[in-house]
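Taking full-length UniProt numbering, the leading residue of the sequence shown gets 1, the next gets one more, and so forth. All C-beta atoms, glycine included, are put in the ideal place defined by N, C-alpha and C. As the structure is a prediction and not an experimental result, all values here were calculated from the model. Notes to accompany the following structure.
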Amino acid sequence: MQVHHYDVVIVGAGGAGMRAAIESGQRARTAVLTKLYPTRSHTGAAQGGMCAALANVEEDNWEWHTFDTVKGGDYLVDQDAAEVMAKEAIDAVLDLEKMGLPFNRTPEGKIDQRRFGGHTRDHGKSAVRRSCYAADRTGHMILQTLYQQCVKHGVEFYNEFYVLDLIMTEVDGVKRPAGVVSYELAT
């Protein structure tokens, strides 16, 4: 049995896991445990793009994006969460651009956007171009970009590890996670 010590342990190396690792890796010793190689996660299936109301090609705003998200979820979506997602999607795309993600570009050099099902302007009145994309491999490029940033920030990866359990400790009557038990597939 091997024991490793880190300030932060992240389970999962998809887009969300690697994005979290970039943030923590800038300030703390960080490990990511993943059942796959990081660039093979399901984020790679996002071929068509990621939605953000950048309004680079035509008029758009986060309120319309929120409306489309709630409507697309048959009004069962947590509306506050949809609003946060639509607002923060803009900065998330711009962050990926700064990290080097090779988005398609307009002739003016802005991130290009294309139509995708359910994207509308003015609360459903007509279609709008909201999907930011990198050819037909957006998800793949997101993973490549995030992985490069993780390496840059010294994040350590444990590939092909299955997490079996959380190790919990109690501090002042409150249980908190203190570690993980994992199984390396190669053993």
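Would the beta-carbon of residue i fall within 7 Å of that of residue j?
i, j, result
"Lys98", "Asn56", "no"
"Ser131", "Gln113", "yes"
"Arg115", "Arg129", "yes"
"Thr43", "Ile167", "no"
"Val174", "Val163", "no"
Rounded to whole angstroms, what's the CA-CA distance from residue i to residue j? Just pull it up for me.
i, j, result
"Val3", "Val155", "17 Å"
"Ala92", "Cys51", "10 Å"
"Thr66", "Pro107", "28 Å"
"Tyr158", "Thr169", "23 Å"
"Leu76", "Thr187", "44 Å"
"Asp7", "Arg29", "5 Å"
"Thr172", "Gly73", "The question names Thr, but residue 172 in the sequence shown is Asp. About 41 Å."
"Ala89", "Ala178", "31 Å"
"Tyr183", "Gly14", "19 Å"
"Ala16", "Tyr147", "11 Å"
"His5", "Ala31", "9 Å"
Going by C-alpha to C-alpha distance, which of the options sits closest to residue i?
i, options, result
"Cys150", "Gln47, His5 and Thr39", "Thr39"
"Pro102", "Thr138, Lys35 and Glu23", "Thr138"
"Arg121", "Gly14, Asp68 and Gln26", "Asp68"
"Asn61", "His119, Glu184, Ala20 and Tyr133", "His119"
"Asp95", "Asp78, Gln79, Glu23 and Trp64", "Glu23"
"Ala21", "His5, His153 and Tyr133", "His153"
"Ser41", "Ala86, Gln79 and His140", "His140"
"Gly49", "Asp136, Leu185, Tyr147 and Thr34", "Asp136"
"Met85", "Glu58, Arg176, Ala53 and Thr145", "Ala53"
"Val70", "Ala46, Gly117 and Glu83", "Glu83"
"Glu160", "Lys35, Thr145 and Gly124", "Lys35"
Helix, strand or coil: how does DSSP classify residue i here?
i, result
"Glu170", "strand"
"Met1", "coil"
"Val151", "helix"
"Glu58", "coil"
"Arg27", "coil"
"Phe67", "helix"
Just grab the DSSP bridge partners of residue i for me.
i, result
"residue 188", "Any property of residue 188 remains undetermined from this structure, which presents the chain solely from 1 to 187."
"Cys51", "Ser131"
"residue 193", "This structure leaves residue 193 out entirely; the chain is present only between 1 and 187."
Would you check whether the ligand HEM has a heavy atom nearer than 6 Å to the C-beta of residue i?
i, result
"Val3", "For the structure depicted, the ligand HEM is absent and the ligand set is empty, with no information on it obtainable."
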